[in-house]
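Keeping their order, the protein sequence lines are chains G and E. For the first sequence, the working numbering assigns the number 196 to the initial residue and increments by one for each residue that follows. For the second sequence, the working numbering assigns the number 15 to the initial residue and increments by one for each residue that follows. From the three backbone atoms N, C-alpha and C, an ideal C-beta is built for every residue, glycine too. All figures in this text were calculated on a predicted structure; none of them were measured in a lab. First the structure, in the form of structure tokens, and then the observations on it.
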Amino acid sequence: MSETGVHSREIHIRAISALGDAHLQEAYRSSTLRLFTGRVEAASEVPGWELLRDRARAIKHDVIEHLDYYLAQFADNVEGLGGKVHWAANGEEACRLVCDIAGRAGAREVVKAKTMVSEEIELTHALAARGIRSVETDMGEFILQLAGERPGHIVAPAIHKTRHDVSELFTAHLHAERTDDPERLTAVARRALREMFAQAGMGLSGANFAVAETGTVVVIENEGNIRFCTTAPRVQVALVGIEKIIPRFADLGIFLRLLGRSATGQKLTVYTSLLTGPRRPGEDGPEELHVVLVDNGRVATLADPKMREALFCIRCGACLNACPVYRKIGGHAYGWVYSGPIGALVTPEFTGIEQGRELPFASTLCGACREVCPVKINIPDLLLHLRSKAQEMTRAPQPKDSPVSERTAMRLWAWLMKGPRRYALAARLARVGQKVFARQGWVRRFSKFPLSRWTEGRDFPALAPKPFRDRWKELSS
Amino acid sequence: MAAKPPRVALFITCLADQFFPMVGECAVEVLRRLGVEVTFNPAQTCCGQPAFNTGYRQETREVAARVLDLFDDAEFIVAPSGSCATMVRVFYPELFADDPERLKKAESLARRFYEFSEFLVKVLKVEDVGASFRGRVSYHDSCHLLRELGVGEEPRKLIRAVRGVEFVELDDYRLCCGFGGTFSVKFPEVSVAMGEDKLNAAKRAGAEVLVANDSGCLMHLAGLAHRQGLPVRTMHLAELLAKRE
Ligand code: SF4
Numbered sequence: 196m197s198e199t200g201v202h203s204r205e206i207h208i209r210a211i212s213a214l215g216d217a218h219l220q221e222a223y224r225s226s227t228l229r230l231f232t233g234r235v236e237a238a239s240e241v242p243g244w245e246l247l248r249d250r251a252r253a254i255k256h257d258v259i260e261h262l263d264y265y266l267a268q269f270a271d272n273v274e275g276l277g278g279k280v281h282w283a284a285n286g287e288e289a290c291r292l293v294c295d296i297a298g299r300a301g302a303r304e305v306v307k308a309k310t311m312v313s314e315e316i317e318l319t320h321a322l323a324a325r326g327i328r329s330v331e332t333d334m335g336e337f338i339l340q341l342a343g344e345r346p347g348h349i350v351a352p353a354i355h356k357t358r359h360d361v362s363e364l365f366t367a368h369l370h371a372e373r374t375d376d377p378e379r380l381t382a383v384a385r386r387a388l389r390e391m392f393a394q395a396g397m398g399l400s401g402a403n404f405a406v407a408e409t410g411t412v413v414v415i416e417n418e419g420n421i422r423f424c425t426t427a428p429r430v431q432v433a434l435v436g437i438e439k440i441i442p443r444f445a446d447l448g449i450f451l452r453l454l455g456r457s458a459t460g461q462k463l464t465v466y467t468s469l470l471t472g473p474r475r476p477g478e479d480g481p482e483e484l485h486v487v488l489v490d491n492g493r494v495a496t497l498a499d500p501k502m503r504e505a506l507f508c509i510r511c512g513a514c515l516n517a518c519p520v521y522r523k524i525g526g527h528a529y530g531w532v533y534s535g536p537i538g539a540l541v542t543p544e545f546t547g548i549e550q551g552r553e554l555p556f557a558s559t560l561c562g563a564c565r566e567v568c569p570v571k572i573n574i575p576d577l578l579l580h581l582r583s584k585a586q587e588m589t590r591a592p593q594p595k596d597s598p599v600s601e602r603t604a605m606r607l608w609a610w611l612m613k614g615p616r617r618y619a620l621a622a623r624l625a626r627v628g629q630k631v632f633a634r635q636g637w638v639r640r641f642s643k644f645p646l647s648r649w650t651e652g653r654d655f656p657a658l659a660p661k662p663f664r665d666r667w668k669e670l671s672s
Numbered sequence: 015m016a017a018k019p020p021r022v023a024l025f026i027t028c029l030a031d032q033f034f035p036m037v038g039e040c041a042v043e044v045l046r047r048l049g050v051e052v053t054f055n056p057a058q059t060c061c062g063q064p065a066f067n068t069g070y071r072q073e074t075r076e077v078a079a080r081v082l083d084l085f086d087d088a089e090f091i092v093a094p095s096g097s098c099a100t101m102v103r104v105f106y107p108e109l110f111a112d113d114p115e116r117l118k119k120a121e122s123l124a125r126r127f128y129e130f131s132e133f134l135v136k137v138l139k140v141e142d143v144g145a146s147f148r149g150r151v152s153y154h155d156s157c158h159l160l161r162e163l164g165v166g167e168e169p170r171k172l173i174r175a176v177r178g179v180e181f182v183e184l185d186d187y188r189l190c191c192g193f194g195g196t197f198s199v200k201f202p203e204v205s206v207a208m209g210e211d212k213l214n215a216a217k218r219a220g221a222e223v224l225v226a227n228d229s230g231c232l233m234h235l236a237g238l239a240h241r242q243g244l245p246v247r248t249m250h251l252a253e254l255l256a257k258r259e
């Protein structure tokens, strides 16, 4: 079974190992490029795309500022339709609730649609501990379940697996014939899954949106598996992160237009399922509908007026595809279930800054993410905010070859920069000192952090013989 | 241009001051050629970005407060760096959001502070500075300049107007080069891998010279090219515009 826990402090070593894996590099490069260009083309076809983004942002802003109100409205409406609403403060509580529902339903098997919240709360492990088998029905998640891995991308979980990798997995686990043909691979998965659908006593999904006005849970997908998960089994559970709320049914049109295009470059995903209460007489659908509203760190994020903006996210994955760092290090380097720029924001928030402190630093702050985000989250600004939070609340790791702590180094730096004479003197001393290192204007190796890291892969320029401030005297005479 | 010559206080940036004084000299030469009166206040040091970028806001405030005072009465302040200009224009107001007096000064400074290429094109309304240089030249957008200040066209206009220059665009020219301030030493392997992509793009485009407006990006790319013995030459825009070959 897949990894559990938060491993975000390992991002440095995980990044290096990803960089050394040529196969992985190519998988991430080609897939992110495809998704990235797909988005650019799809967005360019929509007149008023920018206005649409502004509108979506304004709606999300309103929701997050008045979340208590909208959540209550949503919950009342779900219950009014005959559904059952459960509140989970954290992952453990959410898992227990779902396990209990499965227990009461007598379900031995659960069919799962792709849901990031279930990854977040490690639901599969909790169900297994209660003797309940869960099967991922999304093709990507199904592949990862066989591989025992976490998603590498929030929208395309198996982004890092090539057709060849998939064929190897299917041969090893399902005794399928080797093939690189995507259609035949899909057929293999379909066969394996079809049996499960027939047996499963419970279906589980996430939510892309939860409409307060109508109590509707909205899930979108391309494969039809979610439709199955949410209609075939007698009991249906939807795991909903509390930030998924949108106020009115009419708002859905705005978000659906943005989401498909931002995520995969599709005008609309193939299926859009609206779950509004359990089955009514004469209709099909589940007899029981449970909605589990999950906090798991979201309320704490709400408490930070700046970080609140991260809750606008509609999990389209566009920021991952645009991010030059994500493209290089891949999803697993981030050490939890969310990756890329949005992962660097929500992981420290949801799991604690102690565990996630290195993530906000894994960015050049280039802003490519903000450019594509459909709800215009100012991601670089939030990363900067989190960096300062990390420095206030935790200690920066001190590399072995670093003579002083980062904080001490920064204090010393500030002291020098506040006194132009000290600054000039320090530079003069460094000029004398560099004579030992510098050759023809370059330094090949420094032994102490931070410059030792620089010279691992690059040369470092020597200080100029004369700083500009000294040259100025000649220039102005 | 107005009858009275504009006065520019040069914000040299700590990197150019200590490592690339030539950038400052060239900027001064170009500005003077255009009739600008340039001043330099030697009490300046750094804008505070290294600490800000690493999350040390108190230390940044202490350094930034000095900059607010030093340029209180300058008509225009020009920096040969998109990143330092971003620091002053975008982040100073954020840094002093809870300090009304300094916030006022920061906002005033932000209105008078320009990046070099932006100042030439937007304020002086000049594209042809009378430079000449023979070669295939490409331009790398530094991220702060492009995405925080929205300056991408101005440097291209200036480069295209240089006599003898053949301008070529890189594939994916909007992509970050991987410098990222302290990112370059916190994630050196990733930083280098991104820099390699940029240099490879320059090679594919057949660019002999890669121009940028930030000493940080340039020292990263130049250091990488030097280590790997790659032929591409890096140059600050001010250096190109000062050329008369
Ligand atoms: S932060 Fe924006 S771009 Fe990234 S996943 Fe969320 S909505 Fe999409």
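Element boundaries [alpha helix (DSSP H), containing residue i]
i                      : result
residue 76 of chain E  : 71-84
residue 425 of chain G : 420-426
residue 316 of chain G : Element bounds for residue 316 of chain G: n/a, residue is neither H nor E.
residue 196 of chain E : It is not in any alpha helix (DSSP H) - residue 196 of chain E carries neither H nor E in the DSSP assignment.
residue 23 of chain E  : No alpha helix (DSSP H) holds residue 23 of chain E; the beta strand (DSSP E) holding it covers 21-24.
residue 223 of chain G : 217-239
Chain G within 7 Å of residue i, Cβ atoms only
i                      : result
residue 250 of chain E : no
residue 212 of chain E : no
residue 40 of chain E  : no
residue 97 of chain E  : no
residue 63 of chain E  : no
residue 31 of chain E  : yes
residue 154 of chain E : no
residue 204 of chain E : yes
residue 183 of chain E : no
residue 189 of chain E : yes
residue 26 of chain E  : yes
residue 77 of chain E  : yes
residue 200 of chain E : yes
residue 57 of chain E  : yes
residue 16 of chain E  : Note that residue 16 of chain E scores a pLDDT of 49, beneath 50, so its modelled location is shaky and nothing firm can be said.
residue 207 of chain E : yes
Chain E contact for residue i (CB, 7 Å cutoff)
i                      : result
residue 211 of chain G : yes
residue 667 of chain G : yes
residue 217 of chain G : no
residue 519 of chain G : yes
residue 586 of chain G : yes
residue 645 of chain G : yes
residue 615 of chain G : yes
residue 658 of chain G : yes
residue 609 of chain G : yes
residue 381 of chain G : no
The beta strand (DSSP E) enclosing residue i, as first and last residue numbers
i                      : result
residue 416 of chain G : 411-416
residue 466 of chain G : 466-470
residue 141 of chain E : First-last for residue 141 of chain E: undefined, no H or E at that position.
Closest residue to residue i among the options (Cα-Cα distance)
i                      : options                       : result
residue 394 of chain G : G/476, G/307 and G/603        : G/307
residue 60 of chain E  : E/71, E/26 and E/240          : E/26
residue 46 of chain E  : E/143, E/212 and E/68         : E/143
residue 611 of chain G : E/58, E/88, E/37 and E/24     : E/58
residue 33 of chain E  : G/669, G/672, G/617 and G/661 : G/661
residue 437 of chain G : G/385, G/404, G/607 and G/499 : G/404
residue 132 of chain E : E/107, E/113 and E/162        : E/162
residue 200 of chain G : G/255, G/274, G/318 and G/338 : G/318
Sheet register partners of residue i (DSSP bridge)
i                      : result
residue 280 of chain G : G/486
residue 248 of chain E : E/224
residue 637 of chain G : G/634 and G/656
residue 329 of chain G : G/305
residue 436 of chain G : G/489
residue 431 of chain G : G/398 and G/484
residue 108 of chain E : DSSP lists no partner for residue 108 of chain E.
Do the region 338-358 of chain G and the region 429-437 of chain G touch if we need at least three Cβ pairs shorter than 8 Å?
-> no
Could you tell me whether the region 493-512 of chain G touches the region 540-547 of chain G, using the rule of 3 or more Cβ pairs below 8 Å?
-> yes
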